[in-house]
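Have a look at the structure below, then the notes.
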Amino acid sequence: MSSVRVLVGTRKGAFILTADGRRQNWAVNGPHFPGWEMYHLKGSPADPNRLYASQSSGWFGQVMQRSNDGGATWEPVDNKFVYDGTTGTHQWYDGTPHPWEFKRVWHLEPSLSDPDTVYAGVEDAAMFRTTDGGANWHELPGLRNHGSGSKWQPGAGGLGLHTILLDPTNAQRMFIAISAAGAFRTDDGGTTWTPINKGLQSQYIPDPEAEVGHCVHRIAMHPSRPNTLYMQKHWDVMRTDDAGGHWTEISGNLPTDFGFPIDVHAHEPDTIYVVPITSDSHHFPPEGKLRVYRSRTGGNEWEPLTRGLPQQDCYVNVLRDAMAVDRLDSCGIYFGTTGGQVYASPDGGDSWAPIVRDLPAVLSVEVQTLP
Amino acid sequence: MIRVELPQHLQTLARVGREVEVSIDGPVTLGAVLDAVEARYPVLQGTIRDHVSKKRRPFLRFFACQDDLSLEAPDLLLPEPVVRGVEPFMIVGAIAGG
Numbered sequence: 003m004s005s006v007r008v009l010v011g012t013r014k015g016a017f018i019l020t021a022d023g024r025r026q027n028w029a030v031n032g033p034h035f036p037g038w039e040m041y042h043l044k045g046s047p048a049d050p051n052r053l054y055a056s057q058s059s060g061w062f063g064q065v066m067q068r069s070n071d072g073g074a075t076w077e078p079v080d081n082k083f084v085y086d087g088t089t090g091t092h093q094w095y096d097g098t099p100h101p102w103e104f105k106r107v108w109h110l111e112p113s114l115s116d117p118d119t120v121y122a123g124v125e126d127a128a129m130f131r132t133t134d135g136g137a138n139w140h141e142l143p144g145l146r147n148h149g150s151g152s153k154w155q156p157g158a159g160g161l162g163l164h165t166i167l168l169d170p171t172n173a174q175r176m177f178i179a180i181s182a183a184g185a186f187r188t189d190d191g192g193t194t195w196t197p198i199n200k201g202l203q204s205q206y207i208p209d210p211e212a213e214v215g216h217c218v219h220r221i222a223m224h225p226s227r228p229n230t231l232y233m234q235k236h237w238d239v240m241r242t243d244d245a246g247g248h249w250t251e252i253s254g255n256l257p258t259d260f261g262f263p264i265d266v267h268a269h270e271p272d273t274i275y276v277v278p279i280t281s282d283s284h285h286f287p288p289e290g291k292l293r294v295y296r297s298r299t300g301g302n303e304w305e306p307l308t309r310g311l312p313q314q315d316c317y318v319n320v321l322r323d324a325m326a327v328d329r330l331d332s333c334g335i336y337f338g339t340t341g342g343q344v345y346a347s348p349d350g351g352d353s354w355a356p357i358v359r360d361l362p363a364v365l366s367v368e369v370q371t372l373p
Numbered sequence: 101m102i103r104v105e106l107p108q109h110l111q112t113l114a115r116v117g118r119e120v121e122v123s124i125d126g127p128v129t130l131g132a133v134l135d136a137v138e139a140r141y142p143v144l145q146g147t148i149r150d151h152v153s154k155k156r157r158p159f160l161r162f163f164a165c166q167d168d169l170s171l172e173a174p175d176l177l178l179p180e181p182v183v184r185g186v187e188p189f190m191i192v193g194a195i196a197g198g
């Protein structure tokens, strides 16, 4: 029987949650790297036992870890992230120029075909790559030097490159998103990049339709339709069907279109999930009710999913990298909260149960579907 | 041998105990001790000082013989008790909650 392995990054360590395909009885393993902020862990699609983890600390900076045995043991790999060439400046919160400074790795995206190749999205926003299993990291400087970098400005959490999507049909095409610069696409393996923000409207920036400057919180793709992307923005849920050429709003009947994560059902490319959050100043669910919203129509028409989720006095948040789906026949949906709960739904969101309730604040959730 | 005390998280990372020893050829300076620690435990590179600028990470402090050396230059000669291995050179995480 297939099984699932859930990789959870928290403010104070990493946890690995495992279950068989029924996803009812869970084993909780951890904390790994106790006391460290674990922004993200992710496994290689080409070798599921090869895992990578971003470990960081305000005291000790960035450490990178690799496992070759599914997280049973770990070894540190290179943690040297040095920007290529002259770094220049981006905008600080007050609009003044601020030098680029590496702070941490937010997101890791292993190659679809090579377990030794991994892309890393970092703060201050840039993209790095290793092709030797983490022994060396090199920047893909075309993104930071695209020409608009001096206009990028940090979101409240920092100037982070938080989303990397690899096109399974075209190894040269990738999509990334940065808070608060927007979304970008490369069609040449990361050498050059194009902003893909047409159609976004952000009333909180001087030019609401600017080429860059939008606070994109997350983008998601179904591998069978790589030209269709879904976006949870600072406000608004958006969709493009031409690889970012133009976005249209699909917020529809959501109770609020502010939120952080967005994800796509493993087998239904038009079924998407978001977790509405009250507002940018109230980072908790509306009315104290934790509700995942599902659209089976690719947006606009949304239904609340509440069975098994707290429907009173709930004031947690769900961060942008803290939702994932498995690939079992009955697609499982997972998300973690800033209150330390990790919820799982083995039936596409119809019902939910906590896997674990009292972890440190959850920063990221990834799922591996194992044979 | 120069004795160096590490904070707990760096002990875990380097898979060592509270104190490590390094040998130094030449003057025992602040920078030479840090170079020696990083050379013997490469996993600590970047965790005490920035990889490129070699500046101390802001939340770490350096002490020896009850003196705070955090703001001293890398070519500072360490006190004789540290050189003779009587006292440790201490790398300390700044105390804070969380």
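First to last, the protein sequences are chains A and B.
Using the numbering used here, you'd call the opening residue of the first sequence number 3 and step up by one each time.
Using the numbering used here, you'd call the opening residue of the second sequence number 101 and step up by one each time.
Every residue, glycine too, gets a C-beta built ideally from N, C-alpha and C.
query, result
"Could you tell me whether the Cβ atoms of Val84/A and Val107/A are closer together than 8 Å?", "no"
"Quick one: list the residues of chain A neighbouring Arg157/B, beta-carbon separation under 8 Å, in chain order.", "Trp61, Phe62 and Gly63"
"In this structure, does DSSP put Gln166/B in helix, strand or coil?", "coil"
"Alpha carbon to alpha carbon, what distance is there between Val8/A and Leu231/A?", "24 Å"
"Please confirm whether Val128/B has its beta-carbon closer than 8 Å to some beta-carbon of chain A.", "no"
"For Val1/A, decide whether its Cβ has a neighbour in chain B, counting only Cβ atoms nearer than 8 Å.", "Residue 1/A lies beyond the range of chain A shown here (3 to 373); nothing can be said about it."
"Nearest by alpha-carbon distance to Arg309/A: which of His224/A, Ser347/A, Thr273/A and Gly342/A is it?", "Ser347/A"
"At a CB distance below 7 Å, what residues from the segment 80-110 of chain A approach chain B? Give them in sequence order.", "Asn81, Lys82 and Val84"
"Answer with buried or exposed for Gln108/B, where buried requires no fewer than 16 other C-beta atoms within 10 angstroms of its C-beta.", "exposed"
"Using C-beta distances below 8 Å, list every residue in its chain close to Arg220/A, excluding the 5 sequence neighbours before and after it, in chain order.", "His164, Thr165, Ala179, Met233, Gln234, Phe262, Pro263, Ile264, Arg322 and Asp323"
"For Pro158/B and Ser5/A, I'd like the C-alpha separation in whole angstroms.", "44 Å"
"What beta strand (DSSP E) runs, 3 residues minimum, are completely inside the segment 216-294 of chain A?", "218-223, 231-235, 239-242, 260-266 and 274-279"
"Assign His109/B to one of three DSSP states: helix, strand, or coil.", "helix"
"With Ser69/A and Tyr41/A assumed to form a contact (beta carbons below 8 Å), what rounded beta-carbon distance in angstroms separates them?", "Their Cβ separation, rounded to whole angstroms, is 16 Å, which puts Ser69/A and Tyr41/A out of contact at 8 Å."
"Put Ala173/A into one of helix, strand or coil per three-state DSSP.", "coil"
"With 8 Å set as the bound, which would you pick, yes or no: does the beta-carbon of Gly342/A sit closer than that to a beta-carbon of chain C?", "Absence of chain C from the displayed structure is noted, the protein chains being A and B."
"Can you find a CB in chain B that lies within less than 8 Å of the CB of Gly334/A?", "no"
"So with CB distances below 8 Å, who are the chain B contacts of Pro78/A?", "Leu113 and Val143"
"Please look up how many angstroms separate the CB atoms of Leu202/A and Trp249/A, rounded, as I've assumed it's under 8 Å.", "6 Å"
"Where does Val104/B land, buried or exposed, given buried means 16+ other C-beta within 10 angstroms?", "buried"
"Exposed or buried, which one is Val152/B when buried takes at least 16 other CB atoms within 10 Å?", "exposed"
"Could you tell me whether the segment 168-178 of chain B touches the segment 116-124 of chain B, where touching means 3 or more Cβ pairs closer than 8 Å?", "no"
"Within 8 Å (strictly less), CB to CB, does Gly37/A reach chain B?", "yes"
"Using a Cβ-Cβ cut-off of 8 Å, state whether Gly193/B counts as contacting chain A.", "yes"
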